[in-house]
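Asks: This is the structure I have questions about; it appears just below.
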Amino acid sequence: MTELSAAPVLSTPAEHIFEDPTPPPPPPPTAVRTQDELASVYEIERTAREIKDGGWNRVALQFPDAMLRDASWVAEALTEALGGSETHRVYILADTSYSACCVDEIAAEHAEAQIVVHYGRSCLSPTSRLPVIYVFTRHTLDIDQAVEAFSKEFPDKQHRVVVVADVTYQDHVAPLAATLRSAGYTELLHTEVTHDPTGTIPNRKVVDDSSSRGASATTELSQYSLFHISTPPPALLLALQTRMASLHVLSTPSLTTDDPTRTTNALLRRRFARVLTLATAGVVGILVNTLSVSNYLGSIDLLRRRIAEAGKKSYTVVVGKLNAAKLANFAEVDGWVVVGCWESGLVEEDAGFFKPVITPFEMEVALKPESERVWGLEWWGGIEKMDHDAVRQEEEELDEDESAPPEYDLRTGKLVASRPMRMLVRSANGDPKTGDSGEESSSSKTPGQSALVKREVGEVATINGVLSPGAEYLRSQRTWQGLGTDYDEENSTVVEEGRSGVARGYTVGEDAGRA
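Every letter in the sequence shown is one number past the one before it in the working numbering, and letter 170, counting from 1, is 170.
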């Protein structure tokens with residue numbers, strides 16, 4: 001029997017617990033492209049023409065991680081096409097690993113750029129400050145193999161199908177649709193790219209050979225199946241799951257078909273479970289992971305107002321790239337809502353997060369009363385569909401806490417207090433509270449300096465007279481509240497010399513006697 005050279009491993013390693021769960025991007029193709037191929041893929045000629053027509057001299061190029069290897073060549077080729085560095089300055093933005101589908105206006109403004117050229121996939125969310133030129137890049141697609149895969153998926157040539165593709169394969173949609181129509185598919189529609197994230201099919205316009213038919217077909221998409229070229233993001237699958245008859249994905253570059261219905265339905269059920277968790281949350285964190293999408297400030301204000309109307313407390317945090325380690329620092333928060341574009345607003349792989357992370361649409365569902373909380377046949381991931389013009393509905397004032405109906409966590413069955421801000425406190429114009437003896441209570445005498453606001457059940461901490469569930473959590477839940485709080489009431493002691501020696505006998509001070 002061999003002896004162990006090291007202690008056995010009794011548990012799984014924990015060094016990966018707080019790592020970012022976002023899956024890495026696919027590896028770039030290994031084939032070396034020629035300069036003509038690169039010029040075609042990155043559309044150097046069109047980009048230079050649009051920059052000259054716009055009269056812009058300072059240009060920022062935004063690349064996703066998978067395209068950074070071509071960034072230097074693209075910058076040199078574009079500078080040469082624009083007439084040289086004497087007339088135009090070109091900058092490379094290479095710090096957009098997270099939410100690369102959005103235009104990074106902040107990084108572009110650091111370079112004082114006048115326009116951003118965005119390469120690769122994009123959510124096409126409207127920007128707020130800078131103009132943008134989108135270069136989706138071009139990928140090859142075998143039309144014959146795609147037609148064969150389509151025929152196997154839809155043997156009935158009378159089947160109603162809408163052909164959609166990722167923006168990087170958009171150039172192949174029209175030729176594929178024409179080939180399928182010539183093969184006998186009569187109930188076929190295809191799409192074109194448009195800047196409309198709130199459309200039935202986000203950023204797509206349904207067209208056909210007959211313009212009248214194409215216009216009317218947009219209202220009947222629930223009767224059509226979707227054939228999507230390249231794997232779409234999960235947010236798009238969730239949005240289309242309830243709008244189309246069925247979903248069919250042509251994976252690239254293998255050109256194999258897949259039915260994502262089962263996995264998408266499972267993801268929808270998980271999303272609804274997150275909604276139930278946030279419905280009983282008392283403190284909600286608003287995560288801002290984009291500063292470029294138009295109207296993001298108005299969306300934050302709208303979320304704050306609706307959370308406050310529901311009697312909950314909200315905290316706004318700008319985090320950028322999400323990971324479990326960042327959010328774990330805010331133990332007071334019961335759940336998070338992401339303010340971002342319709343693609344990056346969905347955190348699919350959230351198993352490593354301690355608290356649930358949901359979208360603004362899901363937050364609106366969670367804030368509804370239990371009797372009105374119906375999921376329905378709609379899902380959305382971003383802030384584009386938030387109703388900023390909705391009239392504020394004033395809720396009926398409650399005279400006493402006991403008149404409010406009890407709220408239970410549907411997952412655990414426990415009674416919860418999910419409205420920490422709806423409490424009996426003195427209003428600005430109201431009379432101060434009085435106790436049983438008719439004297440004014442201490443909390444009403446100095447509301448700006450009081451440490452606690454008394455109520456019938458428990459206490460809630462305040463900061464400068466404002467109710468603060470975060471301060472209450474620090475006071476009652478935190479096991480460590482800072483240095484110096486454990487020994488304030490103890491008297492100091494005289495310093496005495498301790499024992500010295502070894503275990504078989506100690507000496508005290510200078511005495512030779514053993515202790």
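Glycine is no exception: its CB is placed at the ideal position from the N, C-alpha and C atoms.
Between which two residues does the alpha helix (DSSP H) holding E105 run?
Replies: Start at 1 with the first residue of the sequence shown, and residue 105 comes out as number 105. Unbroken alpha helix (DSSP H) run through E105: E105 to H110.
Asks: CA-CA distance, T218 and I133?
Replies: In the sequence shown, the residue the question calls residue 218 occupies position 218. In the sequence shown, the residue the question calls residue 133 occupies position 133. For T218, the pLDDT reaches just 46, beneath the cut-off of 50, and the residue's location in the model is therefore unreliable, leaving the point undetermined.
Asks: Assess contact between the stretch 173-185 and the stretch 70-83, defined as three or more Cβ pairs (one per stretch) separated by less than 8 Å. Is contact present?
Replies: At 8 Å Cβ cutoff, the stretches do not touch.
Asks: Buried or exposed: V354, going by 16 or more other Cβ atoms within 10 Å of its Cβ?
Replies: On the sequence shown, residue 354 is found 354 positions in, with the first residue counted as 1. Sequence inspection shows Phe at residue 354; the Val mentioned does not correspond to that position. F354 comes out exposed.
Asks: Buried or exposed: R262, going by 16 or more other Cβ atoms within 10 Å of its Cβ?
Replies: As a first step, residue 262 must be located in the sequence shown, where it is residue number 262. Under this definition R262 is an exposed residue.
Asks: Put G501 into one of helix, strand or coil per three-state DSSP.
Replies: By one-based count along the sequence shown, residue 501 stands at place 501. Note: G501 maps to strand in three-state DSSP.
Asks: What number of angstroms, rounded off, separates the C-alpha of M67 from the C-alpha of L237?
Replies: The sequence position of residue 67 within the sequence shown is 67, counting from 1. The sequence position of residue 237 within the sequence shown is 237, counting from 1. For M67 and L237, the distance between alpha carbons rounds to 25 Å.
Asks: Using a Cβ-Cβ cut-off of 6 Å (strictly less than) and excluding sequence neighbours within five positions of P131, which residues of its own chain qualify?
Replies: Here the question's residue 131 lines up with position 131 in the sequence shown. So the list reads I115, once near-sequence residues are dropped.
Asks: Among the residues of its own chain, which have a CB less than 6 Å from the CB of G345, if the five just before and after it don't count?
Replies: On the sequence shown, position 345 is the one that residue 345 refers to. Excluding sequence neighbours, G345 sits near V338, T359, G381 and G382.
Asks: Taking just the CA atoms, how far does S299 sit from K312?
Replies: On the sequence shown, residue 312 is found 312 positions in, with the first residue counted as 1. On the sequence shown, residue 299 is found 299 positions in, with the first residue counted as 1. Rounded to the nearest angstrom, the two C-alpha atoms are 17 Å apart.
Asks: Anyone know if the C-beta pair for V41 and R138 falls short of 8 Å?
Replies: Residue mapping note: residue 41 aligns to position 41 of the sequence shown, counting from 1. Residue mapping note: residue 138 aligns to position 138 of the sequence shown, counting from 1. Yes, they are a contact pair.
Asks: Give the C-beta separation of H248 and A165 to the nearest angstrom, bearing in mind that I take them to be a contact with Cβ-Cβ under 8 Å.
Replies: Mapped onto the sequence shown, residue 248 falls at position 248. Mapped onto the sequence shown, residue 165 falls at position 165. Incorrect: roughly 13 Å between the Cβ atoms, too far for contact.
Asks: Looking at the structure shown, is V59 part of a helix, part of a strand, or coil, going by DSSP?
Replies: Here residue 59 corresponds to residue number 59 of the sequence shown, with the count starting at 1. Here V59 sits in strand by DSSP.
Asks: Specify the secondary structure class of R269 as computed by DSSP and reduced to three states.
Replies: By one-based count along the sequence shown, residue 269 stands at place 269. Reduced to three states, the DSSP call for R269 is helix.
Asks: Does DSSP put Y473 in a helix, in a strand, or in coil?
Replies: Here residue 473 refers to the residue found at position 473 of the sequence shown. Helix at Y473.
Asks: Among all the DSSP beta bridges, which residues are the ones paired with W336?
Replies: Here residue 336 is taken as the residue at index 336 of the sequence shown, counted from 1. In the DSSP output, where bridge partners are listed per residue, W336 has G285 and V357.
Asks: Would you call the stretch 362-369 and the stretch 301-308 touching, i.e. three or more CB-CB distances under 8 Å?
Replies: With a cut-off of 8 Å, the stretch 301-308 and the stretch 362-369 count as touching, because enough Cβ pairs lie within range.
Asks: In the DSSP assignment, find the unbroken beta strand (DSSP E) run with K313 in it and report its ends.
Replies: Taking the first residue of the sequence shown as 1, we reach residue 313 at position 313. From DSSP, the beta strand (DSSP E) with K313 extends over K313 to V318.
Asks: Pick from C123, A108 and S125: whose alpha carbon is nearest that of V117?
Replies: Residue 117 sits at position 117 when you count from the first residue of the sequence shown. Per the Cα distances, A108.
Asks: Excluding the five sequence neighbours on either side, which residues of its own chain have a C-beta within less than 6 Å of the C-beta of H195, listed in chain order?
Replies: If you number the sequence shown from 1, residue 195 lands on position 195. Here the set comprises L124.
Asks: Please classify S182: does DSSP put it in a helix, a strand, or coil?
Replies: As a position in the sequence shown, residue 182 is number 182, starting the count at 1. Helix.
Asks: Nearest by alpha-carbon distance to V147: which of S128, F330 and G184 is it?
Replies: To locate residue 147, count along the sequence shown from 1; it is residue 147. Of S128, F330 and G184, the residue nearest in Cα terms is G184.
Asks: Considering only the alpha carbon of each residue, which of L255, T256, P253 and L267 lies closest to L240?
Replies: Taking the sequence shown and counting its residues from 1, the one referred to as residue 240 is at position 240. The option with the nearest alpha carbon to L240 is L267.
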